[in-house]
Amino acid sequence: MDPLPLIAVLLSISALYTAGFIYRLIYPYEDVRRALEVASEYRSISAYIRSKRAVRKLKSIEPEYRRARGLIIKSIFIKFMLITLLYITTAFMIVILKPIVEVPFYIPLIVIQYEGSYYMPMLYLYFISFIYGMLLFRELLM
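Each residue of the sequence shown is one higher than the last, beginning at 545 in the numbering used here.
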């Protein structure tokens, strides 16, 4: 059996884990969680703005809300950039190693039947395992 499909699956999962690890080094979990709490509190206060006390409270937390909103937007951008960068570089390496892999079964629209054997493009395998890895590491990537 060819070990390259297993290597592709492991590389996709390791690329996601690496992206999550680098993301956590740049933006610690507590900072992002605190920013989300501040944004939620600001939105809840601004929804019920009927008294002068609520207006004062809103004005007092507005600078913190702006910093939190900036952190949330930057963290989303960095996360997307890291995942995309690692996905593309790893997929490029895998396709260079072997663009197509033989599989023992037929899946319509994904697997190609050629001369009695079934072949799957390596990018399909990598993409499917990458999506599965994203589901596995959704807490890490939050």
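Beta carbons are placed, not taken as given, at the ideal position from N, Cα and C, and that holds for glycine.
This one's a predicted model, so the numbers in the text were calculated from it and none came from an experiment.
With distances taken between CA atoms, residue 676 lies nearest to 556 out of 547, 569, 549, 556. A residue is called buried when at least 16 other Cβ atoms come within 10 angstroms of its Cβ; residue 633 does not meet this threshold and is exposed. Beta-bridge partners of residue 664 (DSSP): 645. Excluding residues up to 5 positions away in sequence, 646 lie with their Cβ nearer than 7 Å to the Cβ of residue 661 in the same chain. Measuring C-alpha to C-alpha distances from residue 651 to each of 665, 642, 639, 640 identifies 665 as the nearest.
A residue is called buried when at least 16 other Cβ atoms come within 10 angstroms of its Cβ; residue 586 meets this threshold and is buried.
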